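Novice:
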Amino acid sequence: MDKSQKPKVEFRYYSTLPQLPIYFLTGDGWLNCRGTRTVCLHFHNLMEIGYCYNGNGNMLLGDHACKTEANMISIIPPNYPHSTDSIPDSIITWEYLFIDVDSCLQSVYGNDEHKFNYMKQLITQKARYIHAKEYPDIASAFRIILHEMLVQKEYSNAMVKGMVFWLLMRIARMTTSEEDHEILSYKRPLSLENVSQIRPALEMIRKQYTSSIRIQDLADICSISEAYFRKLFKKMMGVSALDYINKVRIMNAAELIQKTDDPLHEIISKTGFISESTFNRNFKKYTGMSPRQWKEKYAGKECRLKDFDIYLENGW
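Residue numbers (the UniProt record's numbering): 1 to 316.
#1: What three-state label does DSSP hand lysine 133 in the structure shown?
#2: Is the beta carbon of isoleucine 267 closer than 7 Å to that of alanine 253?
#3: Take the Cβ of residue 317 as the centre, count every other Cβ of all protein chains shown within 10 Å, and call the residue buried at 16 or more, exposed below.
#4: Measure the C-alpha to C-alpha separation of glutamine 228 and methionine 237 and round it to an integer number of angstroms.
#5: With a threshold of 16 other CB atoms inside 10 Å of the CB of histidine 42, please say whether the residue is buried or exposed.
#6: For leucine 232, which of Gln208, Ala201, Thr260 has the nearest alpha-carbon?
#7: Alpha carbons only, please: which of Lys235, Lys270, Ile224, Lys259 is nearest the one belonging to asparagine 246?
#8: How big is the Cα-Cα spacing for phenylalanine 98 and arginine 281?
#9: Sort Pro81, Cys52, Leu256 by Cα distance to arginine 12 and report the nearest one.
#10: Where leucine 192 and phenylalanine 279 are concerned, what is the direct C-alpha to C-alpha distance, given to the nearest angstrom?
#11: In three-state terms, what does DSSP make of glutamate 10?
#12: Of all the alpha helix (DSSP H) runs that stay within the bounds of the region 90 to 151, which reach a length of 4 or more residues?
#13: Please name the residue, chosen from Asp220, Ala141, Lys161, Lys295, that lies closest to glutamine 106 on a Cα-to-Cα basis.
#14: At which residues does the alpha helix (DSSP H) containing alanine 241 begin and terminate?
#15: Asparagine 54 lies in the beta strand (DSSP E); which residues open and close that run?
#16: Just to confirm, is the Cβ distance from asparagine 56 to serine 90 under 7 Å?
#17: Evaluate valine 151 with the Cβ neighbour count: other Cβ atoms within 10 Å of its Cβ, from every protein chain shown; 16 or more gives buried, anything less gives exposed.
#18: Assign tyrosine 135 to buried or exposed, taking buried as 16 or more other Cβ atoms, counted over all protein chains shown, within 10 Å of its Cβ.
#19: Between alanine 65 and tyrosine 244, what straight-line distance do the alpha-carbon atoms span, to the nearest angstrom?
#20: Please tell me whether methionine 169 and isoleucine 144 are closer than 7 Å, where the distance is taken between their beta carbons.
#21: Between the Cα of isoleucine 73 and those of Glu226, Phe283, Thr26, Phe142, spot the shortest distance and give me the residue it belongs to.
#22: Let me make sure I understand the geometry here. Which of Pro88, His131, Tyr14 has the alpha-carbon closest to that of asparagine 79?
#23: Sort Met159, Lys235, Leu25 by Cα distance to glutamate 10 and report the nearest one.
#24: Just to confirm the assignment, what range does the alpha helix (DSSP H) spanning serine 269 have?
#25: When you compare each of Lys297, Met251, Cys104 to tyrosine 286 by their alpha carbons, which one comes out closest?
#26: In angstroms, rounded to a whole number, what distance separates the CA positions of leucine 216 and serine 225?
#27: Taking the alpha-carbon positions, what's the glutamate 179 to arginine 173 distance?
#28: Given this structure, state the Cα-to-Cα distance separating alanine 158 from glycine 110, to the nearest angstrom.
#29: Let me know the secondary structure DSSP gives methionine 236 once reduced to three states.
#30: Is it the case that the Cβ atoms of cysteine 104 and proline 21 are separated by a distance below 7 Å?
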């Protein structure tokens, strides 16, 4: 790659589960998959915690490369560029948990803005790559959460909520602990600082996509001019801010069409569109089919929206 060329960074979006502030990737499709070489870094809207049971390659955290090996745990904040670069055709074994940090903290610190912001800073300011042997409590919590999600017994959701909050507090404690070795933790990479510069806009879109959002408002929250914001957003995300907003809205609309019986006009309103014609045009643009075709094909079925090219690349 030409050294003057900026690294490509992709955004991969996940919606949390109903009534829970998480999303997870597990099962045979993840526990026994072939390794691939990743061509670029990516980042998520949610915090990612990954557990490597077996692998051969590197975990890339911004500019840092860490060797992939069994029983390693990655803890990656929202909007932090990273990638898993595995040897082609080797068997890799990972499971992933994605956490909506804001939602978890809001339920406890919602009335205390200072405490909310302080705890969020502790939890999300660093990416970490740690060994389960050194942090058996974190490894155990990870496995308990995924187990409860899979078995779905009585009180499973309540247990998961409590355990996820415990996990976030454990990560916060790591930040303030004297045992927090720098070799295992990485601050946001300076070479990709522009990603962090538009982070407030990404957060605003995630929370307010159902409402009217002006590009000027996004620029203001990032403390830059509208002209520079438009240029920077397109450069970092590969799409314009308006296209990005519409993609977030369509992804959520597609999920509502698939999983609910809500009338189309209500879904249009819930996802921030002001007219049916605009909604239909964007739905066709990003899914390749009309809302009716989507419902006929996927209603009541386990369709993973991340498999569609709704963002910059087919996400996982």
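Just so you know, even glycine gets a beta-carbon here, dropped at the ideal spot from N, CA and C.
Everything numeric in this text was worked out from a predicted model, so none of it was measured.
Specialist: With the given structure in hand:
#1: Here residue 133 refers to the residue found at position 133 of the sequence shown. It is coil, neither helix nor strand.
#2: The sequence position of residue 253 within the sequence shown is 253, counting from 1. The sequence position of residue 267 within the sequence shown is 267, counting from 1. A contact, by the Cβ cut-off of 7 Å.
#3: Outside the modelled stretch of the chain, which goes from 1 to 316, sits residue 317, for which no answer is possible.
#4: Sequence index remark: in the sequence shown, residue 228 carries index 228 (1-based). Sequence index remark: in the sequence shown, residue 237 carries index 237 (1-based). The amino acid occupying residue 228 in the given sequence is tyrosine; glutamine does not appear at that position. Cα to Cα, the separation comes out at about 14 Å.
#5: Within the sequence shown, the letter at position 42 stands for residue 42. Taking all protein chains in view, the Cβ of histidine 42 is crowded by 16 or more other Cβ atoms within 10 Å, so the residue is classified as buried.
#6: For the purposes of this step, residue 232 is taken as residue 232 along the sequence shown, with counting starting at 1. For leucine 232, the nearest C-alpha among the options comes from Ala201.
#7: What you label residue 246 is simply residue 246 of the sequence shown in a count that begins at 1. Minimum Cα distance to asparagine 246 is reached at Lys270.
#8: Looking up residue 98 in the sequence shown gives position 98. Looking up residue 281 in the sequence shown gives position 281. Going by the C-alpha atoms only, they are around 31 Å apart.
#9: By 1-based counting over the sequence shown, the position of residue 12 is 12. When only C-alpha atoms are compared, the closest one is Pro81.
#10: Sequence index remark: in the sequence shown, residue 192 carries index 192 (1-based). Sequence index remark: in the sequence shown, residue 279 carries index 279 (1-based). Residue confidence for leucine 192 is low, a pLDDT of 44 falling below 50, so the modelled location carries little weight and cannot support an answer.
#11: Indexing the sequence shown from 1 puts residue 10 at position 10. DSSP places glutamate 10 in strand when its eight states are reduced to three.
#12: Fully enclosed alpha helix (DSSP H) runs of 4 or longer: 101 to 109, 113 to 124, 136 to 151.
#13: The residue labelled residue 106 in the question sits at position 106 within the sequence shown. Of Asp220, Ala141, Lys161, Lys295, the residue nearest in Cα terms is Lys161.
#14: Numbered from 1 along the sequence shown, position 241 holds the residue referred to as residue 241. Taken as a continuous stretch (DSSP letters only), the alpha helix (DSSP H) holding alanine 241 covers 241 to 259.
#15: For this step, residue 54 is matched to residue 54 along the sequence shown. Here the beta strand (DSSP E) through asparagine 54 covers 47 to 54.
#16: One-based indexing of the sequence shown puts residue 56 at position 56. One-based indexing of the sequence shown puts residue 90 at position 90. Here asparagine 56 is near serine 90, since their CB atoms are less than 7 Å apart.
#17: As a working mapping, residue 151 is identified with position 151 in the sequence shown. Exposed.
#18: By 1-based counting over the sequence shown, the position of residue 135 is 135. Taking all protein chains shown into account, tyrosine 135 has 16 or more neighbouring C-beta atoms within 10 Å of its C-beta and is therefore buried.
#19: Mapped onto the sequence shown, residue 65 falls at position 65. Mapped onto the sequence shown, residue 244 falls at position 244. For alanine 65 and tyrosine 244, the distance between alpha carbons rounds to 30 Å.
#20: As a first step, residue 169 must be located in the sequence shown, where it is residue number 169. As a first step, residue 144 must be located in the sequence shown, where it is residue number 144. In this structure, isoleucine 144 does not lie closer than 7 Å to methionine 169 by Cβ.
#21: Counting from one through the sequence shown, the residue named residue 73 turns up at place 73. Measuring from the Cα of isoleucine 73, the nearest candidate turns out to be Phe142.
#22: Locating residue 79 in the sequence shown gives position 79, where the first residue counts as 1. Looking only at Pro88, His131, Tyr14, the smallest Cα-Cα distance to asparagine 79 is reached by Tyr14.
#23: Here residue 10 refers to the residue found at position 10 when the sequence shown is read from its first residue. Among Met159, Lys235, Leu25, the Cα nearest to that of glutamate 10 belongs to Lys235.
#24: As a position in the sequence shown, residue 269 is number 269, starting the count at 1. 264 to 270 is the extent of the alpha helix (DSSP H) around serine 269.
#25: If you number the sequence shown from 1, residue 286 lands on position 286. Of all alpha-carbon atoms in Lys297, Met251, Cys104, the one lying nearest the alpha-carbon of tyrosine 286 is that of Met251.
#26: By 1-based counting over the sequence shown, the position of residue 216 is 216. By 1-based counting over the sequence shown, the position of residue 225 is 225. Leucine is not the amino acid found at residue 216; the sequence shown has glutamine there. Approximately 8 Å between the Cα atoms of the pair.
#27: The residue labelled residue 179 in the question sits at position 179 within the sequence shown. The residue labelled residue 173 in the question sits at position 173 within the sequence shown. Summary for glutamate 179: the model assigns pLDDT 43, below 50, so the residue's position carries little reliability; its value from the coordinates is reported in the next sentence. One alpha carbon belongs to glutamate 179, the other to arginine 173, and they sit about 10 Å apart.
#28: By one-based count along the sequence shown, residue 158 stands at place 158. By one-based count along the sequence shown, residue 110 stands at place 110. The straight-line gap separating the alpha-carbon atoms of alanine 158 and glycine 110 is approximately 19 Å.
#29: Here residue 236 refers to the residue found at position 236 of the sequence shown. Helix, per DSSP.
#30: The residue given as residue 104 occupies position 104 in the sequence shown. The residue given as residue 21 occupies position 21 in the sequence shown. Yes; because the gap between Cβ atoms is below 7 Å, this pair is in contact.
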